[in-house]
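*Asks:*
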Amino acid sequence: MENTSLKAYNTFGINVAARWFSSFETREELEELLSSYSGGTIKIPSGPAGSGQKSETRPTKPGANPSLLILGGGSNLLLTKNFDGLVLKNGIKGIELIREDEKYVYVRAGAGESWHGFVQYCLQRNWAGVENLSLIPGSVGAAPMQNIGAYGVEIKEVFYELEAWDLQEGKVFAFSLNDCEFGYRESVFKKKYKDRFIILDVTFRLNKIPKFRTGYGAIRQELDKMGVHELSIQAISQAVIHIRSSKLPDPRQIGNAGSFFKNPTVAADRFEALKALFPDIPGYPSADIVPEYSSGAKNEEHPGTTTGKNSGFPMAGVKLAAGWLIEQCGWKGYRRGDAGCHALQALVLVNYGQASGKEIYDLSEEILQSVQAKFGVTLEREVNIVPPLGG
Ligand SMILES: Cc1cc2nc3c(=O)[nH]c(=O)nc-3n(C[C@H](O)[C@H](O)[C@H](O)COP(=O)(O)OP(=O)(O)OC[C@H]3O[C@@H](n4cnc5c(N)ncnc54)[C@H](O)[C@@H]3O)c2cc1C
């Protein structure tokens, strides 16, 4: 389809258009679309895949460098303007038990499966490991992109391998756990392989014997409230669903993409200095690399920033709550036009209706600057800005 509105395809509800839009349900369809697109023409199926309807071939821009956006559920995207290229919605479906042993099941899911649908599929079969990740919007294929995480669990803990189409080499490669270089909301696909691979399917290694994780957030209190006496993965999932539904704005009601920023990690000495200035500042032990230690940069304005002593040595630090920092800067509940910072969750930026992606981006920039000025902490956006803005 040509000049298609993407409003229904992104949870922010931003109304921009794609120059070309199509979807694929198999590897073969993907290959066909890609080869026709890069060849200067695009074959647009005029009916659903497999419907037998005729396709039409249209010229694109010969010689131009075609831009491509792979879309899952559009729940981690901020679209900043019309997309002058091809948007491909991943519709590869299917969940399959590959093999099992005494302790584990190995389950492969198509990238176009809904993530929460996959979680429910596992819960029904008593396969443990993803219950804490219930109700995260989006697709299976996007989950490894940022190593989705919630309530003390990240998908890297149950990830086994994935297969992805290499746009450069034109063939499929398998990625093991190590290959993916997972970190906090990070993977190799957001760094050195950014925009190079299309994830086709993901294989998970799930536990037959559950290891319950109830220590994070309000899970335990919620289980008590629910009157749960015997712990199960189904009960944990329900508790997570209750908490999430009460805390996070539903994108069907208010456009948003969940947490807009990542929780930053600072060095332990830096945290102590911040605590002296802001006694209520929350901080949690973190295994993430402290950026200021890896750069060795010293911040003159804000006491406690790393000195030469440990510079150059990535070390564990303290994770700060980005939502708290933003709230302290007075942004919670702020609204300008239709762009705003949610009244209950300062970490979530929202579109009340007609905001443009640029308006939301500009608001995020102001928030980022104010947190930097007050705390000397640089926030990083978690949401993918497409196309990117700023420097
Ligand atoms: C209300 C709400 C709550 C959320 N809570 C959480 C949370 O608790 N934890 C968390 O980690 N995230 C959370 N998110 C963010 C989001 O749900 C996840 O990042 C999710 O994995 C995005 O999936 P998607 O299919 O919507 O990706 P999209 O938004 O469609 O895409 C995200 C990025 O991945 C790329 N991409 C998508 N599919 C593929 C593919 N198959 N191959 C290659 N690249 C691909 C896209 O090009 C884009 O760059 C939340 C979002 C919302 C709206």
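Residues in the sequence shown are numbered consecutively from 648, following the working numbering.
We put the CB at the ideal spot given by N, CA and C, even for glycine.
Note that this is a predicted model, so its numbers are computed, not measured.
The alpha helix (DSSP H) spanning I890 covers which residue range?
*Replies:* By 1-based counting over the sequence shown, the position of residue 890 is 243. Taken as a continuous stretch (DSSP letters only), the alpha helix (DSSP H) holding I890 covers I880 to K894.
*Asks:* How is the alpha helix (DSSP H) around E974 delimited, first residue to last?
*Replies:* To locate residue 974, count along the sequence shown from 1; it is residue 327. Its alpha helix (DSSP H) spans residues A969 to Q975.
*Asks:* Take L1036 as the anchor and find which of D935, L724, I973 and A811 has the nearest alpha-carbon.
*Replies:* Taking the first residue of the sequence shown as position 1, residue 1036 is located at position 389. Closest option to L1036, Cα to Cα, is L724.
*Asks:* So for V819, helix, strand or coil by DSSP?
*Replies:* Locating residue 819 in the sequence shown gives position 172, where the first residue counts as 1. Strand.
*Asks:* For ligand 1, I want to know if R832 counts as a neighbour, meaning its beta carbon is within less than 7 Å of at least one of the ligand's heavy atoms.
*Replies:* Residue numbering aside, residue 832 sits at position 185 when the sequence shown is read from its first letter. Yes, the beta carbon of R832 sits closer than 7 Å to at least one heavy atom of ligand 1.
*Asks:* Nearest-angstrom Cα distance between Y656 and G721?
*Replies:* Looking up residue 656 in the sequence shown gives position 9. Looking up residue 721 in the sequence shown gives position 74. The alpha-carbon atoms of Y656 and G721 are separated by roughly 6 Å.
*Asks:* At a threshold of 7 Å, does F907 count as lining ligand 1 (C-beta to nearest heavy atom)?
*Replies:* The count along the sequence shown starts at 1 and reaches residue 907 at position 260. Outside the cutoff, so no.
*Asks:* Three or more C-beta pairs closer than 8 Å, one from the region 810 to 827 and one from the region 674 to 686: is that the case here?
*Replies:* With a cut-off of 8 Å, the region 674 to 686 and the region 810 to 827 count as touching, because enough Cβ pairs lie within range.
*Asks:* Hey, out of K837, W971 and S884, whose CA is closest to I928's CA?
*Replies:* The residue given as residue 928 occupies position 281 in the sequence shown. Looking at the Cα atoms, W971 is the closest of the given residues.
*Asks:* For F844, does the three-state DSSP call read helix, strand or coil?
*Replies:* For the purposes of this step, residue 844 is taken as the residue at position 197 of the sequence shown. Three-state DSSP puts F844 in a strand.
*Asks:* Provide the residue(s) that pair with T912 in DSSP beta bridges, ordered along the chain.
*Replies:* As a working note, residue 912 is residue 265 in the sequence shown. K966, per the DSSP bridge assignment.
*Asks:* Where does G1023 fall in DSSP's three states?
*Replies:* To locate residue 1023, count along the sequence shown from 1; it is residue 376. Coil, per DSSP.
*Asks:* Taking all protein chains shown into account, decide if H876 is buried (16 or more other Cβ within 10 angstroms of its Cβ) or exposed.
*Replies:* Working through the sequence shown from its first residue, we reach residue 876 at position 229. Result: exposed.
*Asks:* Using 7 Å as the cut-off, classify the Cβ of G785 as near or not near the heavy atoms of ligand 1, replying yes or no.
*Replies:* Stepping through the sequence shown from its first residue, residue 785 is reached at position 138. Checking the Cβ of G785 against ligand 1 gives yes.
*Asks:* Less than 7 Å separating the Cβ of I888 from some heavy atom of ligand 1?
*Replies:* Counting from one through the sequence shown, the residue named residue 888 turns up at place 241. No - ligand 1 has no heavy atom lying nearer than 7 Å to the Cβ of I888.
*Asks:* Using only the heavy atoms of ligand 1, determine whether one of them is closer than 7 Å to the beta carbon of I901.
*Replies:* Within the sequence shown, the letter at position 254 stands for residue 901. Flag unset: Cβ of I901 not near ligand 1.
*Asks:* Which residues mark the beginning and the end of the beta strand (DSSP E) in which V766 is found?
*Replies:* The residue labelled residue 766 in the question sits at position 119 within the sequence shown. Not the beta strand (DSSP E): V766 falls in the alpha helix (DSSP H), residues W762 to Q771.
*Asks:* I'd like to know whether the C-beta atoms of I639 and L782 end up nearer to each other than 8 Å.
*Replies:* No answer is possible for residue 639: it lies beyond the span of the chain, which begins at 648 and ends at 1038.
*Asks:* Hey, would you say K1021 sits closer than 8 Å to C976, going by beta carbons?
*Replies:* Your numbering for residue 1021 matches position 374 in the sequence shown. Your numbering for residue 976 matches position 329 in the sequence shown. Cβ distance < 8 Å, so K1021 and C976 count as in contact.
*Asks:* Can you tell me where the beta strand (DSSP E) holding I717 begins and where it ends?
*Replies:* Sequence index remark: in the sequence shown, residue 717 carries index 70 (1-based). First-last of the beta strand (DSSP E) with I717: L715 to L718.
*Asks:* Leaving aside the five residues before and after R1040 along the sequence, list all residues of the same chain whose C-beta is less than 7 Å from its C-beta, in chain order.
*Replies:* Lying outside 648 to 1038, the shown extent of the chain, residue 1040 is not represented and no answer is given.
*Asks:* Determine, using beta-carbon pairs with one atom in the region 752 to 768 and one in the region 846 to 856, whether at least three such pairs fall under 8 Å.
*Replies:* The region 752 to 768 vs the region 846 to 856: in contact.
*Asks:* Buried or exposed: S823, going by 16 or more other Cβ atoms within 10 Å of its Cβ?
*Replies:* Taking the first residue of the sequence shown as position 1, residue 823 is located at position 176. Counting Cβ neighbours within 10 Å, S823 comes out exposed, since fewer than 16 surround it.
*Asks:* For the structure I just gave you, are there three or more beta carbon pairs, one from the region 767 to 774 and one from the region 783 to 800, closer than 8 Å?
*Replies:* Result no; under three Cβ-Cβ pairs closer than 8 Å.
*Asks:* So does the region 725 to 739 actually touch the region 1003 to 1010, counting three or more Cβ pairs closer than 8 Å?
*Replies:* At 8 Å Cβ cutoff, the stretches touch.
*Asks:* Quick one: Cα of I742 to Cα of M792, how far?
*Replies:* Stepping through the sequence shown from its first residue, residue 742 is reached at position 95. Stepping through the sequence shown from its first residue, residue 792 is reached at position 145. When rounded, the distance between both Cα atoms is 19 Å.
*Asks:* To the nearest angstrom, how far is it from the Cα of R843 to the Cα of P911?
*Replies:* Along the sequence shown, one-based indexing puts residue 843 at 196. Along the sequence shown, one-based indexing puts residue 911 at 264. Looking at the two C-alpha atoms, the distance is approximately 27 Å.
*Asks:* Hey, out of D826, D848 and Y863, whose CA is closest to A790's CA?
*Replies:* Residue numbering aside, residue 790 sits at position 143 when the sequence shown is read from its first letter. For A790, the nearest C-alpha among the options comes from D848.
*Asks:* Please report the straight-line C-alpha distance between E869 and W667, rounded to a whole angstrom.
*Replies:* By 1-based counting over the sequence shown, the position of residue 869 is 222. By 1-based counting over the sequence shown, the position of residue 667 is 20. Distance between the alpha carbons of E869 and W667 is about 46 Å.
*Asks:* Look at the alpha carbon of E804 and the alpha carbon of F829, and state the distance between them as a whole number of angstroms.
*Replies:* Numbered from its first residue, the sequence shown carries residue 804 at position 157. Numbered from its first residue, the sequence shown carries residue 829 at position 182. Their backbone Cα atoms lie some 10 Å apart in a straight line.
*Asks:* Taking its Cβ as the centre, do 16 or more other Cβ atoms sit within 10 Å of E1029, making it buried, or is it exposed?
*Replies:* Residue numbering aside, residue 1029 sits at position 382 when the sequence shown is read from its first letter. Flag for E1029 reads buried.
*Asks:* CA-CA distance, D1009 and I745?
*Replies:* The count along the sequence shown starts at 1 and reaches residue 1009 at position 362. The count along the sequence shown starts at 1 and reaches residue 745 at position 98. Straight-line Cα distance between these residues: approximately 46 Å.
*Asks:* Under DSSP, the alpha helix (DSSP H) around N825 begins and ends at which residues?
*Replies:* For the purposes of this step, residue 825 is taken as residue 178 along the sequence shown, with counting starting at 1. Looking at the DSSP string, the run of the alpha helix (DSSP H) that includes N825 is L824 to C827.
*Asks:* With a CB to CB cut of under 6 Å and the five nearest residues on each side skipped, what residues in its chain are close to P784?
*Replies:* Locating residue 784 in the sequence shown gives position 137, counting from the first residue. So the list reads G720 and S722, once near-sequence residues are dropped.
*Asks:* With 8 Å as the threshold, decide whether the Cβ of F859 is near any Cβ in chain D.
*Replies:* Here there is only one protein chain, and chain D is not present.
*Asks:* So, for S834: in the same chain, excluding its five sequence neighbours on each side, which residues have a beta-carbon less than 7 Å away from its beta-carbon?
*Replies:* By one-based count along the sequence shown, residue 834 stands at place 187. For S834, where only same-chain residues beyond five positions count, the Cβ hits under 7 Å are P791, M792, Q793, N794, C827 and E828.
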